[in-house]
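In this text, residue positions in the sequence shown follow our numbering: the first is 30, and each later residue adds one. Ideal Cβ placement from N, Cα and C applies to all residues, glycine included. Just so you know, these numbers come straight off a predicted model, no measurement behind them. Have a look at the structure below, then the notes.
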Amino acid sequence: MVNEERLRHMIKISGFDTNDGKACRPMMQYARKDYISLQLLRSFVTGTICFGLVLGLWGVYSMEKLMKQINSMDLKEFITTLLMFYGGFMLVYLTSTCIVFHVKYTAGRRKVKRYYSSLRKINRMYEREERLKMPGDTDRE
Numbered sequence: 030m031v032n033e034e035r036l037r038h039m040i041k042i043s044g045f046d047t048n049d050g051k052a053c054r055p056m057m058q059y060a061r062k063d064y065i066s067l068q069l070l071r072s073f074v075t076g077t078i079c080f081g082l083v084l085g086l087w088g089v090y091s092m093e094k095l096m097k098q099i100n101s102m103d104l105k106e107f108i109t110t111l112l113m114f115y116g117g118f119m120l121v122y123l124t125s126t127c128i129v130f131h132v133k134y135t136a137g138r139r140k141v142k143r144y145y146s147s148l149r150k151i152n153r154m155y156e157r158e159e160r161l162k163m164p165g166d167t168d169r170e
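Shown next, in the form of structure tokens:
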């Protein structure tokens with residue numbers, strides 16, 4: 030006879046495996062601090078590349094103006110301004126990355142806990158069925 034409660038838990042587990050299992054795998058492998066640090070490192074690299082691309086596009090767009098002012102421009106002030114823009118951009122970008130992945134990790138961890146809870150419930154159901162079978166099993170002797 031089919032145990033309906035066990036079947037419901039098995040369907041939940043199957044749904045997790047097919048829908049959320051791959052996305053939640055890092056939540057099982059990494060601690061929160063390690064996961065967020067890894068994402069911050071990735072975001073630092075992509076943010077730097079993105080800022081460089083935007084700076085390059087701005088340079089191409091403003092090429093004529095830059096060429097006219099190149100001799101009268103204070104390069105030290107220009108580079109300081111660029112570094113301040115880069116610092117501000119990276120501060121906002123990395124802060125938002127930290128917040129987004131903290132929330133994502135927390136939600137994924139909650140899903141993983143429900144998954145393991147369902148696994149434990151199924152395991153207890155199997156153990157209980159085995160205990161109920163054992164005393165009444167007379168075919169062994």
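Let me check understanding here. Comparing Cα to Cα, which of the options lies closest to residue i?
i: K53; options: R139, R71 and R153; result: In the sequence on display, residue 53 carries Cys and not Lys. Among R139, R71 and R153, the Cα nearest to that of C53 belongs to R139.
i: F130; options: Y59, E33 and Q68; result: Q68
i: Y145; options: H38, N100 and Y90; result: H38
i: E34; options: V141, G88, L161 and Y155; result: Y155
i: K113; options: K133, F80 and I42; result: Correcting the residue identity first, residue 113 is Met in this sequence and not Lys. Closest option to M113, Cα to Cα, is F80.
i: M119; options: T77, R61, K41 and I65; result: T77
i: T75; options: Y115, K142, E158 and S91; result: Y115
Apart from the five residues on each side of it in sequence, which residues of its chain come closer than 8 Å, Cβ to Cβ, to residue i?
i: G137; result: D49, A52, C53, P55 and M56
i: S72; result: Y122, L123 and T126
i: Y59; result: L67
Locate the alpha helix (DSSP H) running through residue i, then write down its first and last residues.
i: I78; result: R61 to Y90
i: I99; result: Looking at the DSSP string, I99 is not in any alpha helix (DSSP H), and its letter there is neither H nor E.
i: G50; result: Where G50 is concerned, there is no enclosing alpha helix (DSSP H), given that its DSSP letter is neither H nor E.
For residue i, I'd like the list of residues in its chain whose CB is within less than 7 Å of its CB, leaving aside the five on either flank, ordered along the chain.
i: E170; result: The pLDDT assigned to E170 is 46, lower than 50, so where the model puts this residue is not dependable; a value taken from the coordinates is nonetheless given after this. Excluding sequence neighbours, E170 sits near nothing in its chain.
i: K41; result: S147
Taking Cβ positions only, does residue i come closer than 8 Å to chain B?
i: E159; result: Looking for chain B here will not work: only one protein chain is present.
Excluding the five sequence neighbours on either side, which residues of its own chain have a C-beta within less than 6 Å of the C-beta of residue i, listed in chain order?
i: F45; result: Y144
i: R61; result: Y134
May I ask you to verify whether the segment 138 to 153 touches the segment 81 to 91, counting CB pairs closer than 8 Å and requiring at least 3? Segments in contact, no.
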